[in-house]
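Quick note: the sequence shown uses the UniProt record's numbering, first residue 1, plus one each step. Where is the CB? At the ideal position from N, CA and C, for every residue including glycine. Keep in mind it's a predicted model, so treat the numbers as computed, not measured.
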Amino acid sequence: MPLKNGYIGINSFGFGGANAHMLLKWNLKQKVNNGIPSNDLPRLVILSGSTEESVKLFLNDVANRPINIEYIRLIHDVYGDSIDGHLWRGFTILNILQQDSIREIQNCKNAKRPVWFIFSALGSQWPGMGRNLLKFHVFANAIRVCDVTLKPYGIGVADILTKADEKVCEDALHAFVGIVAIQIGLVDLLTSLGIIPDYMISHSAGELGCAYADGCLTIEQTILSAYFIGLACAEGKIIRSSMAIVSLDYECLKNMCPVDIEIICRNSENSSVVSGPTDSVREFMKILQINNIHVKEVHCNVPYHTSYLASVEIQLLLNLNKVISRPTKRSPKWISTSIPRTEWFTSASKLSSADYHTHSILNTVLFEQTTHLISNNAVTIEIAPDSVLQHVLKESLCSEVMNVVLTRRTEQNIDAILQGIGRLYNCGLQPKVANLYPPVEYPVSRGTPMISPSIRWDHSKDWYIPCFETQMSIKSRERYVEISLDDEDYYYMHGHIIDGRNLLPATSYLVLVWQTFGMMKGITYTTIPIIFRDVNFIRATHLTKSNAVKVMISIQKDGKFEITERDSVLVTGTVHEISNPEQEMIRTDLLPEINDEEEYMTARDIYKELKLRGYQYNGWFRGLHSASISGNKGHIVWKTNWVTFMDTMLQMFIIGYDTRDLCVTTSIQKLVINPKLHASMLRNSVAGVEDTTCKDKTLPIRIYRELDTIIAGGIEIRGIKTTQISRRRLGQDVVIEEHVFVAHHDRAKISLNEAIRISAQLALEDHQIIKVKTIELVEDVDDVAPEYLSSSLLLEAFGDEPLIQTNIIVLTSPNRYSPEDLSQNISIRDLNKPSVDDKALIVAGFNILTKQPASLERLLSFLREGGYLLSREKCDVVNYTKYLQQYELNVILEKRTDKEMIVLLKKKIWIEKRIVVYINNDNFNWLEDIKLLVSDENKLEKKSRIIIVGERDFESGLLGFVNCLRKEPGGEFVRGVLIQDEKVPKFSLQDPFYIHQLQKDMFINVLRSNETWGSYRHLRLPRPEAEPVPTAHVCQTVRGNLDTFCWIENSLSVEAHREDLVRVVYSSLNFKDVMLATGKLVSDQAISRGRIQCTPLGFEYVGFDANGQRVMGIRDTDCIANAVVKDKDFCWKIPDVWTFEAAATVPCVYSTVYLALYIHGKMKKGNKILIHSGTGGIGQAAIHL
1 MPLKNGYIGI NSFGFGGANA HMLLKWNLKQ KVNNGIPSND LPRLVILSGS
51 TEESVKLFLN DVANRPINIE YIRLIHDVYG DSIDGHLWRG FTILNILQQD
101 SIREIQNCKN AKRPVWFIFS ALGSQWPGMG RNLLKFHVFA NAIRVCDVTL
151 KPYGIGVADI LTKADEKVCE DALHAFVGIV AIQIGLVDLL TSLGIIPDYM
201 ISHSAGELGC AYADGCLTIE QTILSAYFIG LACAEGKIIR SSMAIVSLDY
251 ECLKNMCPVD IEIICRNSEN SSVVSGPTDS VREFMKILQI NNIHVKEVHC
301 NVPYHTSYLA SVEIQLLLNL NKVISRPTKR SPKWISTSIP RTEWFTSASK
351 LSSADYHTHS ILNTVLFEQT THLISNNAVT IEIAPDSVLQ HVLKESLCSE
401 VMNVVLTRRT EQNIDAILQG IGRLYNCGLQ PKVANLYPPV EYPVSRGTPM
451 ISPSIRWDHS KDWYIPCFET QMSIKSRERY VEISLDDEDY YYMHGHIIDG
501 RNLLPATSYL VLVWQTFGMM KGITYTTIPI IFRDVNFIRA THLTKSNAVK
551 VMISIQKDGK FEITERDSVL VTGTVHEISN PEQEMIRTDL LPEINDEEEY
601 MTARDIYKEL KLRGYQYNGW FRGLHSASIS GNKGHIVWKT NWVTFMDTML
651 QMFIIGYDTR DLCVTTSIQK LVINPKLHAS MLRNSVAGVE DTTCKDKTLP
701 IRIYRELDTI IAGGIEIRGI KTTQISRRRL GQDVVIEEHV FVAHHDRAKI
751 SLNEAIRISA QLALEDHQII KVKTIELVED VDDVAPEYLS SSLLLEAFGD
801 EPLIQTNIIV LTSPNRYSPE DLSQNISIRD LNKPSVDDKA LIVAGFNILT
851 KQPASLERLL SFLREGGYLL SREKCDVVNY TKYLQQYELN VILEKRTDKE
901 MIVLLKKKIW IEKRIVVYIN NDNFNWLEDI KLLVSDENKL EKKSRIIIVG
951 ERDFESGLLG FVNCLRKEPG GEFVRGVLIQ DEKVPKFSLQ DPFYIHQLQK
1001 DMFINVLRSN ETWGSYRHLR LPRPEAEPVP TAHVCQTVRG NLDTFCWIEN
1051 SLSVEAHRED LVRVVYSSLN FKDVMLATGK LVSDQAISRG RIQCTPLGFE
1101 YVGFDANGQR VMGIRDTDCI ANAVVKDKDF CWKIPDVWTF EAAATVPCVY
1151 STVYLALYIH GKMKKGNKIL IHSGTGGIGQ AAIHL
């Protein structure tokens, strides 16, 4: 029914009991001028979306509509704040003439990025530089104040900014005032948009802009200071001067400068500005250009920052003192380029005073000292009439830094500043764009287009949402639940992995009981405050993708519950509803204070540590957001799932144990859930806890270990007991290696195994392959036993490398070796009838360089291109250069063993072209060069190489970077040179020292002290050798692994009195020792030992005491030892008729029976006793007693 006036009522009745009512009134407001703006100011529209396509389509919708100021204002307000989940941002600039609009779209992480204002000055002025900016009312208001302030001095600021006459900019006073006025207006404009700098840096006169942005000077003080500085410099009797930017490092430029030319600005490592008499500067520019040094003249006829201005210092200081009568302190935001960094902390440099600004205009600009402080994720905004510092910023800063320009001389239209503001939005800032334009009164008029049809959703992902169903009601006290990983309700349980097994979370049993309790009462379980007591987790339940698990939950009238699977009991305990849950929880005023620990551990740190212990949590079970080092405080992410939240509380309890053991929860004394308190804490919580990337709400968690209590949200858990379980053994033994530098040509003495291992690694490093083939030639004259063949050692070396598959062939005479003597991975072929199909990566032999050439030629015929020749020569062989030249071989490695010289050689490869890229950790401009070199567009010839050089930085990440680069397309051309010797000459392709090494075409080349070439290798750590000690006991280092028994030294010989020591002859193995060793029982002492896992064994011994008396006794542990400290109450003399062997069986069992029957059982004459298992130790002792 069409309506033209009146009211509309809307009522909504929800299934959950939430009812809403709304009364809508007819909007009488009519469109004015069809919503077309009253001015010609282009409209900047910013918006975001969850996908790139959604932003693109929305911008299309906006661009295809006629400009409507109300519609645009609605978009401005909707996207005035950051929207979670919107990872794509874009903007467009619309103009009245409907010309092609500017549009940019960018991926944005929504992370906070520091904003740096860069105030540049010298040479940035141009005619009409403020004409377009004056169209913005905020900027115009600032210029109006400047105009009023300087009117008594005959200066019209608006005229300076709008006149197109070149003479205006050539006037030093007008240029100086105009630049500062532009900076004042831009600061006000950005402030009105909510763009506030975190830091600011100036260049030359930009120090006044910093002072204004920092709040140290008012707008009047700033423009007056600019006037008096410009006036003093323009009216002083100063030379006619020029300036030039020179692309050369400071020291070289300093040595080249004529006497009358000074370096006034140090922009960057390779850029400076010089100033001096005009004729001298132009003559100097010609000299630089002849030497192919880039130089560019700067339009500035005043020698700022030179000694030529010394005559104006007194007058300038006098005038500025009148303007800045009460200087204020500079904030830490303002990074000074006028004061050397070493003097930043002096009292004189801390004030924005007349002295400071006089000093800044008369002394060198130290811009270079500040740029390295700009972080890699920063956003820089150059504030000046022109972008004169962009080349310096791009050269000095990381490529990830976003450099934004607001005004350009080359783009004399208003689109430049709007484009700059749009880019600020695209990179994560939140400019209040609506403030650029006249206000729009709400509500908007009828006929304004709706926004919602233009919003597109991201349907590429599946999202897990709470499933709200009508609460089922059951009359019986038991129900069956089928749990399947394919079920949407239980799919999240995929992430609960412990020791590689998908287990049903312990907390899920409690939630199942809670749900059942709610069904019995016929109300939603999450509204019921509940308490669990004496919960015992008896058996773990495995989840598989193929089979569902069916469990039965049974709750009795007295609150006792039981969860079973088939005939097996899984969990038992009691459950009750509580009307006042606060009374069951510890009062907050009784809780001990937790010290103010920082939560240094991030989620990544926490779950890396848990993974090392055997917990491979994923998905929603990675709920810990942060934690302190002690594990006593942290924050948990709430994902609207009670199971994962409570499981994460148990994880926090585990992380507090300083152990690498794998523990599971076996019982909980008490658990209280207060849903109302939990909801209240969620409402009061803040998302993210200082981390803008976290979209879920987080709640604090506290562990009070002295009370054995965990509290998080509305949940309190008390009395958790855990049991250590044995971990599954790895399918492959761990290889323990050290990463060390190995010189290649020092002929140092090492083991044969290490020499072969180094050779294997060098060959593998040079060829990115998985299937490795080696051939070893053993001739009749070679006296080599099977165990000393290089093939066996190569097989071992390659076996320690992941994914490598080996094919090793030994060429020898028939029947020389039996297949049983060699590994099954080594095949034997007839020396005289070799049938080798593929070429080998490594060919090996004995005395190849000293035998007849036929042996060498035979081996080389089997070698693949770029392959390696390994020869084991006699130690007295020193010179083998004739073969190197004849067969074009390079020596790669030379090492000695006790009997042999190990020589690794490689066929020469002639390289036609080498491209050098120098890398460093200070800036990453070189990264773009490498991208270009390895890209598909820049196809390199096969005999070309990209040489990546790292020098002067011994901690360079060159090795890892080159390793990663080798796996990329084009990476086969990359070679690395890491120079770790300060005394060698700088790397150069003209230096024979470096060329000789590069001719070997090694993948990695490391230069250490004494001009030693080598590389970093992984060598096996030697096994620790046993040492004689006074006292020791037997421990098991890996629980459940019977191969890990070893002797551990103790301090009894030092700490114990000699008369208390017993020299042990025998120690019994009891059933408890067997249970501990096989991992079926956990020792408290083992857990208390911390990261060094060790299970102590033995609590019964016999031996000689200090007096030579034969004794027997028991202790708590560590009795499988050569000496123990006797407990005088549990140590007895051995009867003479007993042997040591017999006595060793007595103390434990007879003490146990005596304690049970006489001490606790109070057994008397005439009592009867049933002795069960009478053939065991305890049974035999009980029968005898």
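Please classify W638: does DSSP put it in a helix, a strand, or coil? For this step, residue 638 is matched to residue 638 along the sequence shown. Here W638 sits in strand by DSSP.
DSSP three-state call for M450: helix, strand or coil? Sequence index remark: in the sequence shown, residue 450 carries index 450 (1-based). Correct three-state label for M450: coil.
Taking its Cβ as the centre, do 16 or more other Cβ atoms sit within 10 Å of Q419, making it buried, or is it exposed? Counting from 1 along the sequence shown, the entry for residue 419 is found at position 419. Buried, because 16 or more other Cβ atoms sit within 10 Å of the Cβ of Q419.
Buried or exposed for S12, please, with buried defined as at least 16 other CB atoms from any protein chain shown within 10 angstroms of its CB. Position 12 of the sequence shown, counted from the start, is the residue given in the question as residue 12. Its Cβ having fewer than 16 others within 10 Å, S12 is exposed.
Tell me the rounded alpha-carbon separation between T371 and L397. Position 371 of the sequence shown, counting from 1, holds the residue named residue 371. Position 397 of the sequence shown, counting from 1, holds the residue named residue 397. Rounded to the nearest angstrom, the two C-alpha atoms are 7 Å apart.
May I have the straight-line CA-CA distance separating S1068 from E1027, to the nearest angstrom? Taking the sequence shown and counting its residues from 1, one reaches residue 1068 at position 1068. Taking the sequence shown and counting its residues from 1, one reaches residue 1027 at position 1027. Computed Cα separation, rounded: 25 Å.
Q997 and W1013 look like a contact to me (Cβ under 8 Å); what is the Cβ gap, rounded to whole Å? The residue you call residue 997 lines up with position 997 of the sequence shown. The residue you call residue 1013 lines up with position 1013 of the sequence shown. Indeed they touch by this definition, with Cβ atoms about 6 Å apart.
Alpha carbon of Y600 to alpha carbon of T774, nearest angstrom: Residue numbering aside, residue 600 sits at position 600 when the sequence shown is read from its first letter. Residue numbering aside, residue 774 sits at position 774 when the sequence shown is read from its first letter. Each residue's alpha carbon lies about 50 Å from the other.
Within the same chain, show all residues whose beta-carbon is closer than 6 Å to that of H299, passing over the 5 residues directly before and after it, in chain order. Within the sequence shown, residue 299 is the residue found at index 299, counting from 1. Closer than 6 Å at the Cβ level, and outside the excluded window around H299, lie G123.
Expected contact under 8 Å - CB spacing of G619 and H494 to nearest Å: For this step, residue 619 is matched to residue 619 along the sequence shown. For this step, residue 494 is matched to residue 494 along the sequence shown. 6 Å between Cβ atoms; contact.
Any idea if H203 is buried or exposed, counting beta-carbon neighbours within 10 angstroms, 16 or more meaning buried? On the sequence shown, position 203 is the one that residue 203 refers to. H203 comes out buried.
Leaving out the 5 sequence neighbours to the left and right, which residues in its chain are closer than 7 Å to K350 when beta-carbon positions are compared? By 1-based counting over the sequence shown, the position of residue 350 is 350. Contacts found: K329 and R330.
S247 and S275 closer than 8 Å at C-beta: Position 247 of the sequence shown holds residue 247. Position 275 of the sequence shown holds residue 275. Against a cut-off of 8 Å, the Cβ pair of S275 and S247 comes out as no contact.
Residue 1186 and V672 look like a contact to me (Cβ under 8 Å); what is the Cβ gap, rounded to whole Å? The structure shown has nothing for residue 1186, since the chain only spans 1 to 1185.
Considering only residues of the same chain and omitting the five flanking positions on each side of R1091, which have a CB-CB separation below 8 Å? Taking the sequence shown and counting its residues from 1, the one referred to as residue 1091 is at position 1091. Any answer about R1091 is weak, because its pLDDT of 49 lies below 50 and its placement is not dependable; what the coordinates show is given next. Closer than 8 Å at Cβ, skipping near neighbours: D658, T659 and R660.
Let me know if P992 comes out buried or exposed under the rule of 16 or more other beta-carbons within 10 Å of its beta-carbon. Here residue 992 is taken as the residue at index 992 of the sequence shown, counted from 1. The residue is exposed, with fewer than 16 neighbouring Cβ atoms inside 10 Å.
For S792, I'd like the list of residues in its chain whose CB is within less than 8 Å of its CB, leaving aside the five on either flank, ordered along the chain. Here the question's residue 792 lines up with position 792 in the sequence shown. If we look at S792 and ignore the five residues flanking it on each side, its Cβ neighbours are P786, L822, S823 and I826.
By the DSSP assignment, the alpha helix (DSSP H) with Y416 in it spans what residues? Indexing the sequence shown from 1 puts residue 416 at position 416. Note on identity: in this sequence residue 416 is Ala, with Tyr being the wrong assignment. From DSSP, the alpha helix (DSSP H) with A416 extends over D415 to N426.
Which term fits M22, buried or exposed, when burial requires 16 or more other beta carbons within 10 angstroms of its beta carbon? As a working mapping, residue 22 is identified with position 22 in the sequence shown. Per the 10 Å Cβ criterion, exposed.
Contained beta strand (DSSP E) runs [length at least 3] in the segment 827-855, N- to C-terminal order: 840-846
Roughly how far, in whole angstroms, is the beta-carbon of R1110 from the beta-carbon of I1134, given that I think they are within contact range, below 8 Å? Along the sequence shown, read from residue 1 onward, the residue named residue 1110 stands at position 1110. Along the sequence shown, read from residue 1 onward, the residue named residue 1134 stands at position 1134. Rounded, the Cβ-Cβ distance is 4 Å, consistent with contact.
Contacting residues, own chain, Cβ-Cβ under 7 Å from A164 (five flanking each side not counted): If you number the sequence shown from 1, residue 164 lands on position 164. Same-chain partners within the cutoff: P127 and G128.
Extent of the continuous beta strand (DSSP E) run through W116: In the sequence shown, counting from the first residue as 1, residue 116 sits at position 116. That run of the beta strand (DSSP E) goes V115 to F119.
Beta-carbon contacts of D61 that lie in its chain and below 7 Å, excluding the five residues immediately before and after: The residue labelled residue 61 in the question sits at position 61 within the sequence shown. S454, listed in sequence order.
Note down, in chain order, each residue of its chain lying with its Cβ closer than 6 Å to the Cβ of A844, except the 5 sequence neighbours on either side. For this step, residue 844 is matched to residue 844 along the sequence shown. Only E776, S790 and L870 meet the Cβ criterion.
Cut-off 8 Å between Cβ atoms - residues of its own chain near G1174, not counting five sequence neighbours on either side: As a first step, residue 1174 is located in the sequence shown; it is residue number 1174 there, counting from the start. Q1180, A1182 and I1183.
Cβ-based burial, S399 [other Cβ within 10 Å; buried from 16]: Position 399 of the sequence shown, counted from the start, is the residue given in the question as residue 399. Flag for S399 reads exposed.
In whole angstroms, what separates the C-alpha of I474 from that of C1035? In the sequence shown, counting from the first residue as 1, residue 474 sits at position 474. In the sequence shown, counting from the first residue as 1, residue 1035 sits at position 1035. Taking the straight line from one Cα to the other gives about 55 Å.
When DSSP labels each residue in this structure, what does G719 get in the three-state scheme? As a working note, residue 719 is residue 719 in the sequence shown. G719 falls in the strand class under three-state DSSP.
Cβ-based burial, G1176 [other Cβ within 10 Å; buried from 16]: Taking the first residue of the sequence shown as position 1, residue 1176 is located at position 1176. With fewer than 16 other Cβ atoms within 10 Å, it is exposed.
Cβ separation of R718 and K633, assumed to be a contact under 8 Å, to the nearest whole Å: Walking along the sequence shown from the start, residue 718 turns up at place 718. Walking along the sequence shown from the start, residue 633 turns up at place 633. Actually they are not in contact, since the Cβ atoms of R718 and K633 sit about 17 Å apart, beyond 8 Å.
Over the uninterrupted beta strand (DSSP E) stretch that includes P700, give me the two end residues. The residue given as residue 700 occupies position 700 in the sequence shown. Element bounds for P700: K697 to Y704.
Does E382 pass the burial test, meaning 16 or more other C-beta atoms within 10 Å, or should it be called exposed? Along the sequence shown, one-based indexing puts residue 382 at 382. It counts as buried.
Contact set for G1166: own chain, Cβ-Cβ below 7 Å, skip 5 residues either direction: Here residue 1166 refers to the residue found at position 1166 of the sequence shown. Answer for G1166: no residue qualifies.
Determine, using beta-carbon pairs with one atom in the segment 797-810 and one in the segment 875-885, whether at least three such pairs fall under 8 Å. no
Proximity to H744 [Cα-Cα], best of I770, I902, K839 and A175: Indexing the sequence shown from 1 puts residue 744 at position 744. When each option's Cα is compared against that of H744, the closest is I902.
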